Amino acid sequence: VEGADGDHDVRLPFAKPVDDVTGLSRAIRVLMGCPFLNGLRARGV
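Structure (structure tokens):
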């Protein structure tokens, strides 16, 4: 987060540990509130 007084790191915890890129992608979508939690390809779109 950038402000007038400089940059500050913000850490948001995942609900469970992430082991791979797919898990990281899914965890980020959960944090963002994305309706496509498993991605568009999981539904065949």
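Sequential numbering of the sequence shown, starting at 2, is according to our numbering.
Glycine included, every Cβ here is placed at the ideal spot set by N, Cα and C.
Since the model is a prediction, treat every value here as computed from it, not as a measurement.
Rounded to a whole number of angstroms, what is the C-alpha to C-alpha distance between residue i and residue j?
i: E3; j: V11; result: 10 Å
i: P36; j: H9; result: 29 Å
i: V31; j: D20; result: 16 Å
i: G7; j: F15; result: 26 Å
i: G34; j: A5; result: 28 Å
i: P18; j: L25; result: 9 Å
Using the beta-carbon count (16 or more within 10 Å), is residue i buried or exposed?
i: R27; result: buried
What is the DSSP secondary structure of residue i, counted as helix, strand or coil?
i: G34; result: coil
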